[in-house]
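To start, the structure under review is shown below, and the notes come after it.
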Amino acid sequence: MSQKRFSLIRTLGIIFMITYIVFIAFPIYWQLNTSFKHIGEVRKIPPTFFPKHFTLSPYINVMNNPMARKSIYDSLIISITTTLLSVLIGSLAGYAFARYPKYAGGENLSFWMLSVRMFPPIVFILPFFFIFNNLGLTDTYFSLIVMYFTFNLPLSVWLMMMFFGDIPRELEEAAYVDGYKPFRAFFKVTLPLVLPGMVSVVMLCWIFAWNEFLFANVLVGTRVKTFPLVIPTFASGSSILWNQVMAFTVIAMLPPIILFIILRRYMIRGLSLGVVKG
Amino acid sequence: MARIRFENITKKFGKTVALKDVSFDVDDGEFFVLLGPSGAGKTTTLKLLAGLYKPTEGNIFINDKNVSEDPPYNRNVAMTFESYALYPHLTVFENIASPLKAPGRNIPSKEVKERVERVARMLKIDQLLDRKPAEASGGQKQRIALARTMVREPDIYLLDEPLSHLDAKIRYELRQEFHRLEALKGVTTVYVTHDYVEALSLGDRILMLDHGEVQQIGKPREIYEDPANIRVAKQVGQPDINIVECVTRVEGEKIVLMPKNEPTINIEISDEAQAAFRNNTYPEVLLGIRPQFIKVGEIPGSQIFDGRVDVYQVLGSEGVLNVEIGDLNLIALTSPEDRYTHGEEIKVYFLKDRFYFFSPENGERIRFS
Amino acid sequence: MAKVTLKNVYKIYTPRTKGGKEVEAVRDLNLVIEDGEFMALLGPSGCGKTSTLRMIAGLESITKGDIYFDDVRVNDLSSVERNVAMAFETYSLYPHMTVYKNISFPLEVRHKSKKEIHKIVENLAKKFQLDDVLNEYPARLSGGQQQRVSLARALAREPSVFLLDEPLSHSDAQLRFQMRTEIKRLHYEIKSTMIYVTHDQLEALSLADRVAVMNFAELQQVGTRDELYNNPYNLFVADFIGEPPMNLNKGLVTQEDDDLFLKLLGSSITLHMNAERTEKIKRLDKKEYIVGIRPQDIIPVEVPSGFMTFDAEVDFVEFIGERSLLTIKNGDLTLKVLASPDFDVKAGEVLKFSYPPERVHVFDIETEKSILVL
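Chains as they are written, first to last, in this note's numbering: chain A, 1 to 278; chain B, 279 to 647; chain C, 648 to 1021.
Below, the structure is given as structure tokens:
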């Protein structure tokens, strides 16, 4: 009897999973499908589910568009810098909060930091715009990096604090007794153990900076332009060049995917280590 | 080779006082045990020795050199942690080799390999060298931690509860190994435990610590047979020492002890003790009787009590008898061959020469010389 | 109250994934627990003792075989229908309820009247010395008190069988000692059928009327403390039971004239056995056996009648309070001996040691069984 009930639940589960996968995967499929079509075929009704005339021209057009090329470059610079800064400062601060809560301002300070993340970002836009404008810093890499850094840091600090807190202090003490000075002990023991967590922080920071539209739209746009700002420009007059939009977004999807593939190894290794004592 | 001197050490964490004016000496090559319940300050003492903590007051000397302010990596001490503190991301080999590869040691990698393999063979973990610590059993983890400690030639070994998380059987086996390991002989060792059996079995001398204060320092037999106070008497021995709250009373010519919760009986005490209690210096005392000094049966010349068997348990090499004398419930040790049933009426006598007396105010032993 | 009978019981865990292996947790278990008996299931982790308990409790299905409570086959009955009570390894008290509420909870679920509940709880509280803490929350109690609350709660509904799953394994040594006494006292008082699972042989031996020793999913031996101690069926039982463990060494059958004895390998020690074992060895006609003798059965003095002796040197002495543990050696062989703490001896002394020949255990090397059951 229980066997039957079990298989019914299983079947329902599988149906749900399939629905879910279709729901997630269909837009990506449609994106790829459209990006390899001529604009005429895109507008055809009923739509074709596979390009009749396979073409790379949308990609070529996008790559020949200097504004689109530069936007990817700008986005990369801003995202990489923001991510590195957030993870570096976040790790140092997180370590301090985890190991020396009394000296580092205690739980109140770390919680207060996180509270920055709780405000709706839109609240900050106007003040930031005026600050940067008066300082003559609008339309620079600097303004966006500072902005994203401000939003990523609390999360990074908070997460790193938890990861460091999970590592028994005795592991570091064992290294000191083994003869390693604190800095060497940090690199020999603490860092390798916290790496999987750090990798997930890298991913989160990157995703935020890479996809962000609102701040970019207000703070930059002429000399510096991130890729989300470029997408609307493919709408020309009454028509939208869907195939180029799709080709462009496919290109924009590549850096995070590559990053994920590289970092995935570390995340999985972290899960199997079993840092907990006993 | 090292002598240790702890001089009036006080250690505070914020407002909590972990150690209060602790002083002791450890001789070169001695196996010195810190015994005490959890929270007594044993691990704090060990970490002060390792240099992981700095004393709030007082000084620590290793070989007459004041090391109070030296960081751990400048002291030549090796330590095992209660949690083992094995590096989970490194193999067993790398774990053991870690102290040899520390900066400034400059040991050629061939020698590192030899030394790791030698210590691994000695501790019977040579088959684990390529694995990660997570794949080892509890007993094996403990051996790996020991190997990491013993691979060096330190001045001092510091061992923190090395056996406490293991099964009784493995604990027994490893304890036997501690007796045999040549590497431990001749090197000053400070060993922390809450288990009195380990302390008595292994220690050349024992320091009994409680509430951050030294209760007693002495050889195993002194600690067990001549406890300084009620805390020491309770910490060593299983089953627990029987403690009876008594009032001293004059009964004819004699001074006797009347248990507070069973006033119908008078416990006779030795002439010496009577002399001490005669001038009413102690209106009340705590009487301590170890379970092995409560006997079932009657022998001429001793005071016989009527008892009733409450609970009787036969263990491996002894029987444990809970016997009721009126409202007194006492624990006695018997031979494992004896059999008693619940409710059985028996005769009981005490070995009154083995009584301990403690002051009810501060728990200190009342001695008469 | 009930008599529990297990007949050819198997527990096989089917693999979760394809290609996984079936795991046999309990193999062909036959066991009768008499009404009112205190039975301990003893064995190392993974031996099947907990699976057995869970099958009796109705928390786990029975793959094959039958379990009876008295004459009723209970295979298809739920835990509630079987009316079993179980105390777990973790006390699992409800932290948001007072002690009173914790104990009365299983009764309220069974729709008893307020008055009735009150009477039962008061009664139990007295029995478990919990009267003073009835209105406290579990967090404020000591470990021993929490343990008592969990036992009281389990008993509140007068179960027919009372099951305990390693109830003391989380306590420290001193508390464990006290709790053991309490549980034993409890059994005197309630006299209900109790089944107690543990990996600690001291707990099993001291508490239970009989102990069922399990290993590798199979029952090794069932018996009283004396039976297990003095007549272990096989090497596993011999080695698992007893602290310090039994001295086990290889022994060579040696015959001089009419005298047959076992010479311990690596030493000049010869051990004599009782007539029963000597006869058996003559009949089995093998060269080597495993010989076992318990540390407490070797006495470090010469005892005149009924004992045999051998010489050995004292290697080291451990004073452990209530007793002393001597390590003695002869040639390459070391043996453990328990002595009185007052026994005055130093390392390096050569002494005569006595032993009763009937306490020399002999096991077959291949089957690891006692020669008495071969």
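Each residue gets a CB set at the ideal place from its N, CA and C atoms; glycine is no exception.
- Lys463/B counts as exposed, since fewer than 16 other beta carbons sit within 10 angstroms of its beta carbon.
- The continuous stretches of alpha helix (DSSP H) do not include Asp713/C, which lies in the beta strand (DSSP E) extending over residues 711-716.
- Restricting attention to alpha helix (DSSP H) runs no shorter than 4 residues, the stretch 385-449 of chain B encloses them at 387-400, 416-428, ordered along the chain.
- Taken through DSSP and simplified to helix, strand or coil, Gln516/B comes out as coil.
- Residues of chain C with a Cβ closer than 9 Å to the Cβ of Asp518/B are, in chain order, Gln821, Phe824, Gln825.
- The DSSP-derived three-state label of Ile495/B is strand.
- Residue burial is scored here from C-beta neighbours: Tyr100/A has fewer than 16 other C-beta atoms within 10 angstroms and is therefore classed as exposed.
- Looking from the CA of Ile519/B, the closest CA among Leu424/B, Gly314/B, Ile572/B belongs to Ile572/B.
- For Asn152/A, the enclosing alpha helix (DSSP H) covers residues 141-166.
- Taking a Cβ-Cβ cut-off of 7 Å, the neighbours of Thr828/C in chain B comprise Val589, Asn600, given in sequence order.
- In chain order, Tyr141, Ile145 place their CB closer than 8 Å to the CB of Thr81/A, counting only its own chain and leaving out the 5 sequence neighbours on each side.
- Residue range 39-43 is occupied by the alpha helix (DSSP H) that includes Gly40/A.
- Ile975/C: member of the beta strand (DSSP E) spanning 971-977, first to last residue.
- Cβ-Cβ separation between Pro192/A and Met267/A: approximately 14 Å, too far for a contact (criterion under 8 Å).
- At a cut-off of 3 residues, not a single continuous stretch assigned as beta strand (DSSP E) sits fully inside the stretch 58-92 of chain A.
- A straight line joining the alpha-carbon of Glu728/C with that of Phe824/C spans about 34 Å.
- If you look at Gly790/C, you'll find it isn't in any beta strand (DSSP E); it sits in the alpha helix (DSSP H) that goes 790-802.
- Leaving aside the five residues that flank Lys630/B on each side, the residues in its chain whose CB is nearer than 7 Å to its CB run, in chain order, Glu546, Ile547, Ser548.
- With respect to the 7 Å criterion, Ile842/C and Arg800/C are not classified as neighbours on the basis of their beta carbons.
- For Pro168/A, the chain B residues whose C-beta falls within less than 9 Å of its own C-beta are Phe359, Ser361, Ala363, listed in chain order.
- When Cβ-Cβ separations below 7 Å define contact, Ala380/B makes contact with chain A.
- Put simply, of Trp242/A, Met253/A, Ile262/A, Ile261/A the residue whose alpha carbon is nearest the alpha carbon of Pro58/A is Trp242/A.
- Near chain C, meaning a CB-to-CB distance below 9 Å, the residues of the stretch 479-490 of chain B are Ser479, Leu480.
- Between the beta-carbon of Leu899/C and that of Asp886/C there is about 21 Å, and that puts the pair past the 8 Å contact cut.
- Below 8 Å, enough C-beta pairs join the stretch 910-925 of chain C and the stretch 979-991 of chain C to call them touching: three or more.
- The three-state secondary structure of Leu171/A, taken from DSSP, is helix.
- Identification of chain B residues near Ala174/A by a Cβ-Cβ cut-off of 7 Å yields Phe359, Ala363, ordered along the chain.
- Contact between the stretch 609-620 of chain B and the stretch 574-589 of chain B is present, with at least three C-beta pairs closer than 8 Å.
- When the beta-carbon positions are compared, Pro51/A and Lys37/A come within less than 7 Å of each other.
- A distance below 7 Å between beta-carbons, with the five flanking residues on each side excluded, links Thr699/C to the following residues of its chain, in chain order: Val673, Leu676, Leu688.
- In the three-state scheme derived from DSSP, where H, G and I count as helix and E and B as strand, Thr981/C is classed as strand.
- Thr710/C is the residue among Thr710/C, His846/C, Ala803/C whose C-alpha sits nearest the C-alpha of Lys658/C.
- When secondary structure is reduced to three states using DSSP, Asp873/C falls in the helix class.
- Cβ proximity to chain C below 9 Å picks out Asp445, Ala446, Lys447 from the stretch 419-448 of chain B.
- For Ala772/C, the closest alpha carbon among the candidates Arg795/C, Lys762/C, Lys831/C is that of Arg795/C.
- By the neighbour-count definition (other C-beta atoms within 10 Å, threshold 16), Trp112/A is an exposed residue.
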